[in-house]
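This report concerns only the one structure given below.
Number of protein chains: 2
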Amino acid sequence: MDEHGTCGHHGHAHGRDGHGPARTADLVARAERLAQDLGLQFTALRRRTLEVVAEEGRPLGAYDIAERLSAPGKRVAAVSVYRALDFLTEHGLVHRIASRNAFVPCEHGHGAGESAVFLICRSCGSVDETISAEIERSLDRTLAQAGFKPASRIVEIEGECGACQGRGECGRLEPR
Amino acid sequence: MDEHGTCGHHGHAHGRDGHGPARTADLVARAERLAQDLGLQFTALRRRTLEVVAEEGRPLGAYDIAERLSAPGKRVAAVSVYRALDFLTEHGLVHRIASRNAFVPCEHGHGAGESAVFLICRSCGSVDETISAEIERSLDRTLAQAGFKPASRIVEIEGECGACQGRGECGRLEPR
DNA sequence: CGCGGATCGTTACACTGTAACAGGCAGGGT
DNA sequence: ACCCTGCCTGTTACAGTGTAACGATCCGCG
Ligand SMILES: [Zn+2]
Ligand SMILES: [Zn+2]
Ligand SMILES: [Zn+2]
Ligand SMILES: [Zn+2]
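Residue numbers (our numbering), protein chains in the order written: chain A, 1 to 176; chain B, 177 to 352.
See the structure below:
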C-alpha cells in the first residue's frame, strides 16, 4: 500500500476528517489479515475501537473513545477500551502518544523494527507519523556507542505543522 | 560548550546513589546562577525539589517527591511539587520522562536548542541522558522536509543498559 | 501606606490506568 | 450431549497523575 507517499510537502489534510474513512477501511483490512495469519481474534470491540481512533483526525484519550463507543443504554467502560487498545498497540495498528496520553491510528504499516516519528501540531492538534531511516540509523549508532540495547523507541516532536504556519492559527482546536 | 566530558564512556554507575551528591551541588549552583542572571526566584521549595530529584538515581514521580519533602507535621502537597517542577523543567534543570510520568535531573547543562535522548533501562530503572548532534541533525532534516517547525522534542528509548546486560558482572568498565 | 506580582498552602476535582472478580462464549475432548 | 479450558468482556473498586480555584503571605515599588 502506498498511501499519500508522494505527498511531497505533507499537506496532511487530516486536521478534520479529510481522508479518515479511507484509512479506516485500510486499517481494518490490515487488522483482519493480521488476525487471520496469527490466529488472533479481531473482535467487535477491537474493531470498533480501531474505527473510532482511525476516523478521528487527532489523538484520542481512552475515555474519549469509551464515550464515542457508548450508546444510551449500552455503556462501554474505559477499562474495556484499554484492553482493546493494548491489543491494537501490541500489533502496531494504533500508537500511543506518550506526551498526550492519547492514541492515533498507524499511518504506515511499518514493522516492529521501524520506529515512527510523531509530529504533533500545537495549533490544530493533528499528529503526523513519519518514518526516517536516517533517524533510525543515527539512533542505532548512538545506542550502540552507549552499549544500550533498545527495545522500544519514542520520538515525539511538538511544534507547528506546515498547514498552520502560513495562516496564524486557523486550526480548529475543538474545546472539550 | 562542554560536551558531557564528565562521563566519557557512559558506564553510568548511577543505578543507585553513585554520583548523586556531586551532581546535586552542580545543579544547585547552576540554578542559582540562572536565577541570578534572569532575575528569578530560586526558592527553598524549588531547591529542595531539585535536590530530591538529583539525589535519587532514578526517575521520581511528583507524589514520591512530595513524600520525600514532607516531614511529620510539615506536609508538602503534590500540587506544590508540580509547581516547583514546572519551574525546574522550564529552565532545563530537570526533565520529564513522558513514558514514565516521572522526573530526572538534567545531566548535561545543554541549552534549550539541544534536545536530549533518554536511555531508560527496564531492569534497573536508571535513566541516562545523552546528547547527539547526529540525531539532532537527522531530526532537523526530517522536520524541515516535512515543513514542520519544532518547539520541543521527546526522544525516549526503553531497553537494557550496558550494566544490566552482563547480569553477573556488574559495572564492567569498557574502554573506548 | 496601598498596590501588584509571585509564591505557596489548601481543597476539590478531572483525568489516566490497573487489579480483581464474575459472566459469557467458543472449541475440544469425553 | 457434557464438562473443561482459554479468551474476551462487564463491572466494581482503587491507585496514580495532573490541574483549577481560592486565599494567605511575602516583597519590592510608588
Ligand atoms: Zn505506525
Ligand atoms: Zn497544525
Ligand atoms: Zn538535560
Ligand atoms: Zn540497567
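Note that CB positions come from ideal geometry on N, CA and C, so glycine has one too.
Note that the structure is a prediction, hence the values are computed from the model and not measured.
{"Item": "Any non-hydrogen atom of ligand 3 closer than 7 Å to Gly287/B Cβ", "Value": "no"}
{"Item": "8 Å Cβ cutoff, Asp128/A in contact with chain B", "Value": "yes"}
{"Item": "8 Å Cβ cutoff met for Phe353/B and Arg222/B", "Value": "In this structure chain B extends from 177 to 352, so residue 353/B is not present and cannot be described."}
{"Item": "The stretch 233-250 of chain B: positions lying closer than 8 Å to chain A by Cβ", "Value": "none"}
{"Item": "Member of Leu295/B, Gln217/B and Ile241/B whose CA lies at the smallest distance from the CA of Glu334/B", "Value": "Leu295/B"}
{"Item": "Nearest residue (CA-CA) to Gln145/A, options Val228/B, Lys250/B, Ala320/B and Gly338/B", "Value": "Gly338/B"}
{"Item": "Interface residues of the stretch 113-127 of chain A facing chain B [CB-CB below 7 Å]", "Value": "Val117, Leu119 and Arg122"}
{"Item": "Ligand 1 heavy atom lying under 7 Å from the CB of His108/A", "Value": "yes"}
{"Item": "Length of the line joining the Cα atoms of Asp17/A and Thr219/B", "Value": "Only weak support is given to the placement of Asp17/A: the predicted model assigns it a pLDDT of 44, under 50, and the value that follows is read from those uncertain coordinates. The alpha-carbon atoms of Asp17/A and Thr219/B are separated by roughly 48 Å."}
{"Item": "Alpha-carbon spacing of Thr182/B relative to Leu50/A, whole angstroms", "Value": "Model confidence at Thr182/B stands at a pLDDT of 39, short of 50, so the residue's coordinates are unreliable; what they give is reported in the following sentence. Cα to Cα, the separation comes out at about 48 Å."}
{"Item": "Any non-hydrogen atom of ligand 1 closer than 7 Å to His267/B Cβ", "Value": "no"}
{"Item": "Stretch-stretch touch, CB-based, cutoff 8 Å, three pairs: the stretch 104-113 of chain A with the stretch 52-71 of chain A", "Value": "yes"}
{"Item": "Per DSSP, the bridge partner or partners of Val331/B", "Value": "Val155/A and Val293/B"}
{"Item": "Separation of Pro21/A from His110/A, as counted between CA atoms", "Value": "20 Å"}
{"Item": "Same chain, Cβ closer than 7 Å to Ala112/A, neighbours up to 5 away in sequence not counted", "Value": "Gly92"}
{"Item": "Sequence-distant residues of the same chain with beta carbon closer than 6 Å to Ala98/A, five excluded per side", "Value": "Ile154"}
{"Item": "Presumed contact (8 Å Cβ cut-off) between Lys325/B and Glu160/A, rounded CB distance", "Value": "5 Å"}
{"Item": "Paired residues, beta bridge with Thr142/A - DSSP", "Value": "According to DSSP, Thr142/A bridges with nothing at all."}
{"Item": "Neighbouring residues, chain A, relative to Glu336/B (Cβ below 8 Å)", "Value": "Phe148, Lys149 and Ala151"}
{"Item": "Heavy atom of ligand 4 within 7 Å of Ser80/A beta-carbon", "Value": "no"}
{"Item": "Length of the line joining the Cα atoms of Glu136/A and Ser115/A", "Value": "7 Å"}
{"Item": "Three-state secondary structure assigned by DSSP to Glu336/B", "Value": "strand"}
{"Item": "beta-carbon Cys124/A near ligand 4 non-hydrogen atom, thresh 7 Å", "Value": "no"}
{"Item": "Reduced DSSP category for Ile179/A - H, G, I as helix; E, B as strand; rest coil", "Value": "As shown, chain A starts at 1 and ends at 176. That puts residue 179/A outside it, with no answer to give."}
{"Item": "Alpha-carbon spacing of Leu38/A relative to Arg234/B, whole angstroms", "Value": "38 Å"}
{"Item": "Contacting positions in the stretch 86-104 of chain A - beta carbon closer than 7 Å to chain B", "Value": "Ala98 and Ser99"}
{"Item": "Chain B contact for Glu107/A (CB, 8 Å cutoff)", "Value": "no"}
{"Item": "Assigned exposure category for Ser180/A - 16 Cβ within 10 Å defines buried", "Value": "Residue 180/A lies beyond the stretch modelled for chain A, which goes from 1 to 176, so this question has no answer here."}
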